[in-house]
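To start, the structure itself, in C-alpha cells.
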Amino acid sequence: MTSVQVDKNDGHGRPDGNGAVADGESTSAEGYQRGLGARQIQMIAIGGAIGTGLFLGAGKGIHKAGPSLILAYAIAGLVIFFIMRALGELLMYRPVSGSFSEYAREFIGSFAGFVTGWTYWLFWVVTGITEVTAASAYMQYWTKNADGWLDQPQWVFALLFTVILFGANLISVKLFGELEFWFSMVKVTAIIGMILICAGILTIGFSDAGDTASVGMLWNQGGFFPNGIGSTLMTLQMVMFAFLAVELVGVTAGESKDPKTVLPKAINTVPWRIAVFYVGALIMILSVVPWTHFQPGVSPFVAAFEKMGLGVGAAIVNFVVLTAALSSCNSGMYSTGRMLRDLALNGQGPKFFTKLTKNGLPLAGTSFSAALMLIGVYINYEWPGEAFNYVVSFATISGMWAWIMILISQIRYRAKADRGELPQSSFKAPGAPYTSWFALAFIFMVIVLMGIDKDARISLYAAPLWALILFIGYQFIQRKNAKQLEDVKS
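Residue numbering for the sequence shown follows the working numbering, starting at 1066 and increasing by one per position.
The following block contains the structure:
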C-alpha cells in the first residue's frame, strides 16, 4: 500500500498565500517535490507537442491539403507562440503548479476557473485515449502479419500501455522527467535524422518513389494549393491538435527547480522548434515524396521511408512515432492528477484529490484519471479503425478552451498591471494585448471551421452537454461550500 501524506498549512494540502513557488526550495508551496531540472524542462517543452498530431495526423492533412499544409503549420505556429508568450507573462507574474485554472479564477472569475480546470483535465484524459489509441495502431505495423503472442488485437496493446504508464507515474516526478527527457530525445533525434536523410536525397536528386527529389515537388504536383485554399483551411483543426500540449511546460512550474529562469528559456524555444520539427520536416518529406503518395491514417514519416525504398528506416520511424504517442500519454497521466488536486485545493473538487504520497505525487487524481483513460481500451475494442478520429476533434475543442482562458487572463492581467494594480511580469509578451486578441480571433475561426467539417462537428455537439454538466456541478459545489461555511460560523 502506498503511504499518503497531507500537506502542511491548512490540513488539506492548500498552500498559504497565493500559491506561488519560490526559487531554491526543494518543495513547492503546493507540496510538490521540485525534481525537474533545466534539461528536463527544456526537453518537455521541445517534445511536448511532438506527438500523434504530427506523426499520424499530418497524413490526413497532406491528403486533404497537399503541400499547403506547410503554410497552415507556419501560421498556426505563430499563433501558438503568441499563446505561449501570454502564458509566460502569467507564469512570471505568479508561478503556480497544477493548471491554468488559477489564472482564470483570478482574472475572470470562480466559475471560469472551475470550467477551465475541469475542461483541461478532460482534455488530457481524452488526449491520453487518443495517444494510447495511436500507439496501439502503430503496433499493427509489426503485428498485422505476425504469429504467436504478437498477434493481438489493437485493444490489448491499448490496455497494456495504459497500465505501464500509470505505474510509471506512481514512482516519482523525477522519473517522469527522465522518461519525458528520453522520449523527447528520441523524437527530436528522429526528426532531425529524417530531415538530414531527406536533405541528402535532395542533394543527389534520388528518389525510389518514381519521381526526382526536388523542392519543385511542392508546387509541381497540382500546385501548392492542389485542392484549393478551402481545403487548407479545413486542416486547421488537425494542425491545432498537433500543437496541443505545448502549454504543458506551464503545468510543471511548481515542480521546476528554478522556474523563473528555466520557463522563459523553454518558452522562447517555441519559434525554432516549430520551424524545424513541423515546417522543416514537412518541407523535406514533400520534396522527396509527392504529396499524392500519402494516405490518411498512415504516418507520413513511415510512408516516406517506405516510398524511398528504406524499409528498415520505416520500421525505425514507426518505433519513434510509437514512442511519441506513449510520451504524450505519459504527459497526460502526469497532468491530470495535478489538475484535479488544484481544483480540490480551491474547493472545486472532491477533497480526497488533495492528498499526496510521501514522494509528493497526487495518487488519487492520477488513479481516477487513468481509470477513465481505460475508456480508450473499449473504443479500440469496438471501433479499432475509426478510434483515432473519434477522439481527436473533442480533444481539440477542449484543449483550445485552455488557450482561450490563458489569452483572456493575460489580457486582463496586463490591463491591471498597466494601471498599477498588480506588479509587472518580468517576462512580458511582446505586442500584447494585440497579439493575444489576434490569437483569440484565430482560435474562434478554427472553431467555426470545425462546425463546417462534418467529421469534427460531432465534438461541437458534445460541448453544450459538457457545459451543462459543469454548470450543474458548479452549483452543487457552491451550495455545499456555503453550507460548510455556515456550519463553521455556527
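We treat Cβ as the ideally placed atom computed from N, Cα and C, and that holds for glycine.
Handout entry: Where the alpha helix (DSSP H) through isoleucine 1350 begins and ends
Key = 1346 to 1353
Handout entry: From Val1228, Asn1234, Gly1131, residue whose alpha carbon lies closest to that of threonine 1401
Key = Each of Val1228, Asn1234, Gly1131 was checked against the Cα of threonine 1401, and the nearest Cα belongs to Asn1234.
Exercise for the section: Using alpha carbons as the reference points, say which of Ser1237, Lys1481, Ser1490, Phe1509 lies closest to isoleucine 1173. Expected result: Lys1481
Exercise for the section: Measure the alpha-carbon distance for alanine 1307 versus valine 1341 and round it to whole angstroms. Expected result: 14 Å
Exercise for the section: List the endpoints of the continuous alpha helix (DSSP H) containing proline 1415. Expected result: That residue, proline 1415, is in no alpha helix (DSSP H); it is neither H nor E in DSSP.
Practice task
Give a yes or no on whether the minimum CB-CB distance between lysine 1372 and chain C is below 8 Å.
Solution key: Included in the structure is just one protein chain, with no chain C present.
Exercise for the section: Can you grab the Cα-Cα spacing for the pair aspartate 1518 / phenylalanine 1146, in whole Å? Expected result: 26 Å
Problem - As assigned by DSSP and simplified to three states, the class of threonine 1334 - result: coil
Problem - Contained alpha helix (DSSP H) runs [length at least 4] in the segment 1211 to 1298, N- to C-terminal order - result: 1219 to 1233, 1238 to 1269, 1282 to 1285
Problem - Proximity of glutamate 1196 and alanine 1435 at Cβ, strictly below 8 Å - result: no
Problem - CB of glutamine 1302 within 8 Å of CB of serine 1463, strictly - result: Not in contact: glutamine 1302 and serine 1463 (Cβ atoms no closer than 8 Å).
Exercise for the section: Just mark arginine 1338 as buried or exposed, buried being the case when its beta carbon has 16 or more other beta carbons within 10 Å. Expected result: buried
Handout entry: Selection from Asn1383, Phe1507, Ser1490 that minimises the alpha carbon distance to methionine 1157
Key = Ser1490
Exercise for the section: Take methionine 1349 and list the residues in its own chain whose beta-carbon comes closer than 6 Å to its own, dropping the five residues that flank it on each side. Expected result: Ile1260, Cys1263
Problem - Ordered list of alpha helix (DSSP H) runs contained in the segment 1129 to 1217, each at least 4 residues - result: 1134 to 1158, 1166 to 1172, 1175 to 1208
Exercise for the section: Could you give the DSSP three-state label for proline 1329: helix, strand or coil? Expected result: helix
Practice task
Express the C-alpha separation of tyrosine 1443 and glutamine 1205 in angstroms, rounding to a whole number.
Solution key: 17 Å
Problem - Pair within 8 Å by beta-carbon distance, phenylalanine 1433 and leucine 1410 - result: no
Handout entry: Rounded separation between glycine 1293 and methionine 1250 - CA only
Key = Between the alpha carbons of glycine 1293 and methionine 1250 lies a distance of about 37 Å.
Problem - Buried versus exposed call for methionine 1510 [16 or more other C-beta atoms within 10 Å across all chains shown] - result: Counting every other CB atom within 10 Å of its CB across the protein chains shown gives methionine 1510 a total below 16, marking it as exposed.
Practice task
With glutamine 1489 as the anchor, note down where its alpha helix (DSSP H) starts and where it stops.
Solution key: Per DSSP, glutamine 1489 belongs to no alpha helix (DSSP H) and is neither H nor E.
Handout entry: Beta-carbon proximity of alanine 1467 to alanine 1151, cut-off 8 Å
Key = no
Practice task
Assign leucine 1437 to one of three DSSP states: helix, strand, or coil.
Solution key: helix
Practice task
Could you have a look at leucine 1309 and say whether DSSP puts it in helix, strand or coil?
Solution key: coil
Exercise for the section: Return the CA-CA distance between proline 1160 and methionine 1515, expressed in angstroms with no decimal places. Expected result: For proline 1160 and methionine 1515, the distance between alpha carbons rounds to 33 Å.
Problem - Short Cβ contact (8 Å threshold) for valine 1238 with glycine 1430 - result: Using a Cβ distance threshold of 8 Å, valine 1238 and glycine 1430 do not count as a contacting pair.
Problem - Rounded separation between valine 1253 and serine 1392 - CA only - result: 12 Å
Practice task
Can you tell me the Cβ-Cβ gap for serine 1364 and glutamate 1245, rounded? I've got them flagged as a contact below 8 Å.
Solution key: The pair is not a contact, with the Cβ atoms about 21 Å apart (cut-off 8 Å).
Exercise for the section: Tell me whether aspartate 1323 sits in a helix, a strand or coil according to DSSP, three-state version. Expected result: coil
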